[in-house]
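In this note's numbering, each number is its position in the sequence shown, counted from 1, plus 1. Beta carbons: idealized from backbone N, C-alpha and C, even for Gly.
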Amino acid sequence: MKLGEPATKLLKELTKQNLSTNKKDLILQIEEENTFLTSKLIELQTTTEEENLNKEISYNFLLINNQLKRNLRIIKAYKFNLIKQIIDLIYKNEIKDLSLENKNIFNKIKSYFETRIGEFSFLDYAFNEPPLRLYIQIYTKRDCGVVFDGDNLIELKENRFYYVKKCLVEHLIGLDYVEIIE
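Right under this line is the structure:
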C-alpha cells in the first residue's frame with residue numbers, strides 16, 4: 002500500500018453516513034504510517050545535524066511533515082464526524098445498526114448526556130446551528146468609517162457591499178447609513 006492511501010480511503014468515508022462499520026483498521030494503518038513518517042523525520046533531523054542543510058533535505062522534510070500532519074487531520078476529522086453523527090442519533094432518539102465499537106461510543110456519549118444535561122432537559126440541544134442572521138449582507142449608502150471585529154478592521158466605504166456580523170453594524174442600520182440586502 003502506498004503512503005497516504007489509507008488516509009485517502011478514510012477521507013472518502015467521511016462523506017458516507019455509514020455507522021454500521023468502524024474503520025479501526027484504516028486508523029491503525031494510518032497510525033503505523035505516522036510512526037514510519039515520524040521515524041523518517043527524526044532520521045532527517047539527525048542527518049541535518051551531521052551535514053549542512055540543503056534544499057533536498059528541506060524538501061524531504063516538508064513533504065514528510067505535510068503528509069504526517071495531513072494524516073493527523075484526517076483522523077481527527079473522522080473521529081469528530083463519527084461523534085457528531087452519534088450525537089445526532091441521540092438527539093433523534095434513533096438507534097441504527099451500529100458496529101460494536103460505535104455502540105460503545107454511543108452508550109458512553111448517551112450516559113454522559115444523561116448525567117450532565119439531564120437537569121437541563123427543558124432546553125433543546127438538538128438545534129445547534131448558528132443563527133441565520135448572525136452574518137448579513139449590507140449595502141453602504143455613505144461612508145461609515147471603520148468597524149472593529151476582533152483582530153480585523155473593516156472600512157465601510159460608500160456604495161459597496163459587505164458581508165459582516167450584524168452586531169457590528171446595528172448602529173449604522175439604525176442611522177440608515179447602511180441597508181440590509183436580502
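Closest Cα partner of residue i within the set the options
i	options	result
Arg143	Leu176, Gly151 and Leu135	Leu176
Lys13	Leu27, Lys3 and Leu4	Leu27
Leu29	Ile88, Lys10, Leu45 and Lys17	Lys10
Ile87	Phe114, Glu183, Leu69 and Thr141	Phe114
Phe149	Arg161, Lys167, Glu50 and Asn67	Lys167
Thr16	Lys104, Tyr79, Asn53 and Ile155	Tyr79
Asn103	Lys93, Asn82, Cys145 and Phe121	Asn82
Glu159	Lys93, Tyr178 and Asp152	Tyr178
Simplified DSSP state of residue i, which is helix, strand or coil
i	result
Lys77	helix
Asn153	strand
Ile96	coil
Ile65	helix
Ile137	strand
Phe162	strand
Gly175	helix
Gly5	coil
Spatial neighbours of residue i in its chain, beta-carbon cut-off 8 Å, leaving aside the 5 residues before and after
i	result
Asn72	Gly5, Ala8, Ile31, Glu34, Asn35 and Leu38
Ile110	Ile84, Ile87, Ile88 and Ile91
Ile58	Leu45, Thr48, Thr49 and Glu52
Arg161	Tyr140 and Thr141
Supposed contact pair residue j and residue i - C-beta distance, whole angstroms, cut 8 Å
i	j	result
Val165	Tyr136	7 Å
Ile139	Tyr163	5 Å
Leu101	Phe107	Wrong, their Cβ atoms sit about 10 Å apart, outside the cutoff.
Ile65	Leu42	6 Å
Leu157	Thr141	5 Å
Residue range of the beta strand (DSSP E) that includes residue i
i	result
Glu180	Val179 to Ile182
Residues near residue i by beta carbon distance below 7 Å, same chain, minus five either side
i	result
Gln68	Leu4, Gly5 and Leu38
Ile174	Ile181
Beta-carbon contacts of residue i that lie in its chain and below 6 Å, excluding the five residues immediately before and after
i	result
Phe62	Leu45
Val147	Leu154 and Glu156
Unbroken alpha helix (DSSP H) run spanning residue i, endpoints
i	result
Phe1	No statement about residue 1 is possible, as the shown extent of the chain runs from 2 to 183 and does not include it.
Check: residue i C-beta below 7 Å from any heavy atom of the ligand COA
i	result
Leu124	You won't find the ligand COA in this model; it holds no ligand whatsoever.
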